[in-house]
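In this note's numbering, the protein residues as written are 15 to 328.
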Ligand code: HEC
Ligand code: HEC
């Protein structure tokens, strides 16, 4: 047994449920998932019919879209970076401020949020889809026991079923399950540095984050205070600059980083974390070693699963 590997595993193990693709679930929910996939790509779910979930959470671009975000930001149409849509079903809290703690509720919020689908009248969307014969058929087969074909609840259920399947098992999962070889010597070394800098005290659990809110700038103030995070929801001054600890799955590919997209390089983001969250000066060399470890959190995108439906329903 490799001792360095085992000691890293012992540290990471608590609260860690390895990510797997649950094929049985995919089979059991096939019809709902199919419907959810159509909805995910359909612009008719937005008020003005010009954006879909995929416009921002682009499934081919790691479930995010840096270019679209920057374009919207320049137009003043958004203020927070687009988080990835992969591996979100198991997070404990949602949005940069962690203000929503229930997955279904977050999906509802994605419709009404002016910075997402911006839907002010949900009944319009239901009516719009209800007029489309092939949608009615899809809804009926996904929800055979329901009296109403198209409803907001069914739209949410179907989207939830589809998004729950957007998981990306990574080498780290195989490693935690006992495969020493899943991580290289360098990745294991980086993992120990990640732990020695107390990164894991906040970035904990299966998603290396997504479990709690913490003050951004706890050791040294964060320079950009335009967005005060959780404070906007609670108006209690102790919550100023509290943000959800970001999940680090696929982080290597989901830049730019932080709610304000203020860092485009991962090693730089790591150095900033050391400084602002821990009061530590992490050397570039150490930051690059941590970055190597974080690459073991990257999984394959399920190409077949995310295939855009060939035809647009009408
Ligand atoms: C115009 C861009 C845009 C569109 C379109 C959009 N989103 Fe989002 N989404 C965002 C942004 C920005 C956030 C972060 C909001 C925040 O932090 O306050 C977000 C957050 C989320 C989250 C939470 C992820 C996390 O890690 O907390 C989920 C889930 C989500 N969106 C799902 C959807 C779904 C489903 C749709 C389609 C119905 C959708 N979004 C459409 C931009 C978008
Ligand atoms: C005190 C808690 C805390 C500690 C310790 C901490 N972080 Fe963070 N981390 C956060 C919070 C909160 C965010 C989200 C900030 C935001 O959205 O702007 C974050 C975000 C990040 C991001 C950006 C992810 C993204 O997709 O935007 C990276 C990378 C990161 N942390 C790595 C680390 C590393 C490496 C360490 C150890 C040196 C570390 N963090 C230590 C709380 C912490």
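Glycine residues also receive a C-beta, built at the ideal position from the N, C-alpha and C atoms.
query	result
Whole-angstrom Cβ separation of residue 182 and residue 100, contact assumed at under 8 Å?	5 Å
Under the criterion of a Cβ to heavy atom distance below 7 Å, does residue 274 qualify as lining ligand 2?	yes
Between the alpha carbons of residue 159 and residue 185, how many angstroms are there, rounded?	41 Å
Quick check on the DSSP output: the beta strand (DSSP E) that includes residue 282 runs from which residue to which?	Where residue 282 is concerned, there is no enclosing beta strand (DSSP E), although the alpha helix (DSSP H) it sits in stretches over 280-287.
In terms of alpha-carbon separation, which member of 137, 169, 78, 298 lies closest to residue 61?	137
Give the straight-line distance between the Cα atoms of residue 111 and residue 252, rounded to the nearest whole angstrom.	14 Å
To the nearest angstrom, how far is it from the Cα of residue 121 to the Cα of residue 286?	31 Å
Applying the criterion that 16 or more other CB atoms from any shown protein chain within 10 Å of the CB defines a buried residue, is residue 78 buried or exposed?	buried
Tell me whether residue 120, by its Cβ, gets closer than 7 Å to a heavy atom of ligand 1.	yes
Return yes when the Cβ of residue 45 is within less than 8 Å of the Cβ of residue 156, no when it is not.	yes
Of the residues 88, 95, 43, 174, which one's Cα is nearest the Cα of residue 54?	174
Could you give the distance in angstroms between the alpha-carbon of residue 250 and the alpha-carbon of residue 233?	20 Å
Are the beta-carbon atoms belonging to residue 265 and residue 280 less than 8 Å from one another?	yes
From what residue to what residue does the alpha helix (DSSP H) around residue 257 run?	Careful: residue 257 lies outside any alpha helix (DSSP H), inside the beta strand (DSSP E) at 256-258.
Within a Cβ cutoff of 8 Å, which residues of the same chain sit near residue 221, ignoring the five residues on either side of it in sequence?	101, 104, 105, 261, 262, 263
Are residue 204 and residue 284 closer than 8 Å when you measure CB to CB?	no
Alpha carbon to alpha carbon, what distance is there between residue 74 and residue 214?	29 Å
According to the Cβ coordinates, are residue 288 and residue 211 closer than 8 Å?	yes
For the beta strand (DSSP E) holding residue 227, just list the boundary residues, first then last.	227-229
Tell me whether residue 86 counts as near ligand 1, meaning its Cβ is closer than 7 Å to at least one heavy atom of that ligand.	yes
Under a three-way DSSP split, which group does residue 243 fall into?	strand
Just checking residue 311 against ligand 2 - is the residue's beta carbon closer than 7 Å to any of the ligand's heavy atoms?	no
Tell me which residues share the same chain as residue 314 and place their Cβ nearer than 7 Å to its Cβ, disregarding the 5 neighbours each side in the sequence.	182
When the distance is taken between beta carbons, is residue 190 closer than 8 Å to residue 330?	In the structure displayed, the chain extends from 15 to 328; residue 330 sits before or after that span and is not available.
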